[in-house]
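Working notes, beginning with the structure itself.
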Amino acid sequence: MTDTVLPRPRGAAAPLAALLLLFAWFAWTAWARPLMLPDEGRYASVAWEMLRSGDWLTPTLDGLPFFHKPPLFYWITAGSLAAFGLHEWAARLASVLGATLGAWSLYLFARRWAGERIARASALVLATLPLFFLAGQFANLDMLVAGCIAAAVVAFADAVLAEREGLPYRRSLALAFLLAALGVLAKGLIGFVLPVLVGGIWILLLRRPRALLMMLWPPGLVLFALVAAPWFVVMQQRFPDFLYYFFVVQHFKRFAETGFNNAQPFFFYPVVLALASLPWFAWLWLARGRAHWADARRQPLRWLMAVWLVVIVGFFSLPQSKLVGYVLPAVPPLAFLIADAANARFASRAWTFSAVVAAALGLAVIATTSLGFDRSVRRLAAPLMAQRSAGEPIVFIDEYYYDLPFYARLREPVRVLEDWSDPAIPRRDNWRKELYDAGQFDRAAADRLLVPRVELPSLLCLEPVTWVLAQTDAAGRYPVLAHATVVATQRKTTLWRVERHAPGVSAVLDCRGTPNAG
76 MTDTVLPRPR
86 GAAAPLAALL
96 LLFAWFAWTA
106 WARPLMLPDE
116 GRYASVAWEM
126 LRSGDWLTPT
136 LDGLPFFHKP
146 PLFYWITAGS
156 LAAFGLHEWA
166 ARLASVLGAT
176 LGAWSLYLFA
186 RRWAGERIAR
196 ASALVLATLP
206 LFFLAGQFAN
216 LDMLVAGCIA
226 AAVVAFADAV
236 LAEREGLPYR
246 RSLALAFLLA
256 ALGVLAKGLI
266 GFVLPVLVGG
276 IWILLLRRPR
286 ALLMMLWPPG
296 LVLFALVAAP
306 WFVVMQQRFP
316 DFLYYFFVVQ
326 HFKRFAETGF
336 NNAQPFFFYP
346 VVLALASLPW
356 FAWLWLARGR
366 AHWADARRQP
376 LRWLMAVWLV
386 VIVGFFSLPQ
396 SKLVGYVLPA
406 VPPLAFLIAD
416 AANARFASRA
426 WTFSAVVAAA
436 LGLAVIATTS
446 LGFDRSVRRL
456 AAPLMAQRSA
466 GEPIVFIDEY
476 YYDLPFYARL
486 REPVRVLEDW
496 SDPAIPRRDN
506 WRKELYDAGQ
516 FDRAAADRLL
526 VPRVELPSLL
536 CLEPVTWVLA
546 QTDAAGRYPV
556 LAHATVVATQ
566 RKTTLWRVER
576 HAPGVSAVLD
586 CRGTPNAG
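According to this note's numbering, the sequence shown holds residues 76 to 593 in order.
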C-alpha cells in the first residue's frame, strides 16, 4: 500500500473503479454485529414498520407517527429490507450509500481540480478514517445526510470553478440543488443550510460576490422545491401540527435549548475529530506554513476545505447537545487537507503505516462490537417467533425494546406499559418522550398502545396468551410474572409467556367479569 488503495485504471474507468471499491470497503463488514441501541434499533424498526404497513409516507414508531426526522433514510432502508430481507447489513445500506457518496464525490472533485494523485489520497484517507469508516456502517441518519452535504458542497464548488474558467457549469449547479434537497429529506434543514453557508463564505473569500447569484438560480430553486417540498406538504395536510413540531421543536428548540441529552463543552468536536482521525490527523502538521496556504494554484481548493471544516465544526459546537455523528460532514474536507498536506510523502513508509493503522483501528472496533457490548434483544426474538401464535399480543413493561420488532418481524405494534401521566415525560429526551410525542399525532392509537402500568392485570385478562418483555427483576414488582412461564432470558431482560388460565396466573389476575376472559 502506497499512496492509495484505489485501483489504477485511467480515463473513464478510474471513477467507476473508485466507486465500486469504496462501496465494497464500507459494505463488507456491515453484517458483522447486531444492531446497536437505541439508534440502530429505532431507525431499522421504523423502516420495517414502513415496509410492512405499506405506508411509505408516514414514518411510525410502534404504530405512532414518528416525526423526529424526514423519510429518506426510511425509504432507502425499507427498500433494502424488501429486496434483501431483514438483515443487519440491509438495515445499514443507507449509511453505506451515504459514506460512498461522500467519499466518491470528494474523489471526483479532487480528481478534476487537484489531479488523480490527490484524489486517490483523499479517498484513501477519508475511507480509512476510523470515524468515517465506522459511521459508514451505522444505521442512523448522520452518514446519509453527511454524504448529501459533502456531495452538494463539491458540486456547487465545481460549478463555481467551472464558471470561472469559462467551462460548462449548469449541470453541476443543478446537481448541487438536487443533493441539497436530498439532504433536507435525509435530516432536515441542515441539508440545505450547511452547503449554503460553506459555499457563501468560500465565495466571499475568493472575492467573487457575484457568484452568490448562483445560489438563486431559478431552475435550481425549482428543482430543489420539487424534490424537497412534497413530503412536507403532505404531512402537514395529514397532521396539522406537523410543521411546528418538525421545524420548531425538532430543529430550532433542539438547537437552542438545553433540555436535550448529550450536553458537551464547546471544544467537544475539535477533540473528537483529532482523536477519531488518528493517525491521519498528525499529517496536518505539514500544512502549518504560510507558503502552503499562499500557493495560488491550490488556494481556492484549500480555502474551500478550510471553510467547510470550520463552518461545520463551528455550527454544531454552538448548541449544548452534541453527538459524535453530527460532525461527520466535516470529515471529507479534513481528509482532503490531510492528503494535500502530505502530497510529497505518499510513497513514504509513514504514509503506508498511517493507512494500515487507520484501517486496522476501524476493523478492530467492528470486531470488538461484534463480540461484545451486545445490548440487543435479538436472542429473544427467535423463541418468540417460534412459539408465538398469530394474534397473541406483546407487551413491553417499563422499557421500549427498539430492535425486537425488527428481529422478531412483528407485524403489529406492541403495548407499552409505563406511567404515562408523569408530567416529566415531555421534558426528558428518551424513549418515553419519543413515544409520548408520537402519540400526540394519533391520540386513538396512543390510548390503545401506551398503557398505564396499573392496567397490566386487565390487559393480561383480554387474551388467552400474552407475551411480556421486561427487565428480569420486574417479576418482583409485578406478581403475575412470578407465575408466568419464562421463555428466554438475555442479560437482564426476560421474555415471559402469560397464560391467563394457568393456575398461578389465574389466581393473581382474577379475570372474572373481564370481557373475552371466559
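Note that beta-carbon positions come from the ideal geometry of N, C-alpha and C, so glycine has one too. What you are looking at is a predicted structure, and each value in this text was computed from that prediction instead of being measured.
query, result
"How big is the Cα-Cα spacing for A157 and P480?", "15 Å"
"Using the C-alpha atoms, what's the distance from K328 back to P345?", "24 Å"
"In whole angstroms, what is the alpha-carbon distance linking W306 and R372?", "43 Å"
"Does the pairing of the region 209-216 with the region 103-116 give three or more beta-carbon distances under 8 Å?", "yes"
"Going along the chain, which residues of its own chain have a beta-carbon closer than 7 Å to the beta-carbon of Y182, five neighbours each way excluded?", "A93, A194, S197 and A198"
"Ends of the alpha helix (DSSP H) at W277?", "I265 to L280"
"Looking only at DSSP bridge pairs, what is P527 linked to?", "E493"
"Nearest-angstrom Cα distance between L298 and L257?", "11 Å"
"Pull up the distance between the alpha-carbon of P488 and that of A520, whole angstroms please.", "10 Å"
"Suppose the cutoff is 8 Å on Cβ atoms and the five residues either side in sequence are ignored; what does the same chain contact list for W106 look like?", "H162, E163 and W164"
"Within 10 angstroms of the Cβ of F267, are there 16 or more other Cβ atoms? Answer buried if so, exposed if not.", "buried"
"Using the Cα positions of V382 and A434, report the straight-line distance between them to the nearest angstrom.", "27 Å"
"Tell me which residues share the same chain as R453 and place their Cβ nearer than 7 Å to its Cβ, disregarding the 5 neighbours each side in the sequence.", "P109, D478 and Y482"
"Any idea what DSSP makes of L393, helix, strand or coil?", "coil"
"Are there 16 or more other CB atoms within 10 angstroms of the CB of H143, so buried, or fewer, so exposed?", "buried"
"Less than 7 Å between C-beta atoms, sequence neighbours within five positions excluded: which residues of the same chain meet that for A226?", "L176, G177, S180 and L254"
"How many Å lie between V540 and F390 at the Cα?", "52 Å"
"Using three-state DSSP, classify W106 as helix, strand or coil.", "coil"
"Taking only runs that begin and end inside the region 112-200, name each unbroken alpha helix (DSSP H) of 4 or more residues, in chain order.", "114-128, 147-159, 163-166 and 168-188"
"Given I151, which residues of its chain have a CB within under 6 Å of its CB, disregarding the five upstream and five downstream residues?", "A169"
"The beta strand (DSSP E) that contains L570, what's its start and end?", "T568 to E574"
"DSSP on L544, reduced to helix/strand/coil?", "strand"
"Answer yes if the region 563-575 comes into contact with the region 537-552, meaning at least three C-beta pairs across the two stretches below 8 Å, and no otherwise.", "yes"
"Closer than 6 Å by C-beta to T135: which residues in its own chain qualify, once you throw out the five before and the five after it? Chain order, please.", "E124 and F141"
"To the nearest angstrom, how far is the alpha carbon of P340 from that of V562?", "45 Å"
"Measuring CB to CB, does V386 end up less than 7 Å from V235?", "no"
"Give me the DSSP bridge partner(s) of Q515.", "For Q515, which the question treats as bridged, DSSP gives no partner whatsoever."
"From the DSSP output, which residues share a beta bridge with A338?", "S396"
"Considering Cα atoms alone, identify which of Q312, M460 and L409 is closest to W360.", "L409"
"What did DSSP end up calling A563 once you bin it into helix, strand or coil?", "strand"
"Please state if the CB of A230 and the CB of A202 are separated by a distance shorter than 7 Å.", "no"
"Do you know whose CA, among S128, L280, W358 and H326, lies nearest S423's CA?", "W358"
"On a Cα-Cα basis, can you pick out the residue from L492, E509 and N337 that is closest to E530?", "L492"
"Since F411 is in the alpha helix (DSSP H), which residue starts that stretch and which ends it?", "V406 to A416"
"Which of helix, strand or coil does DSSP assign to F252?", "helix"
"Using the beta-carbon count (16 or more within 10 Å), is A304 buried or exposed?", "exposed"
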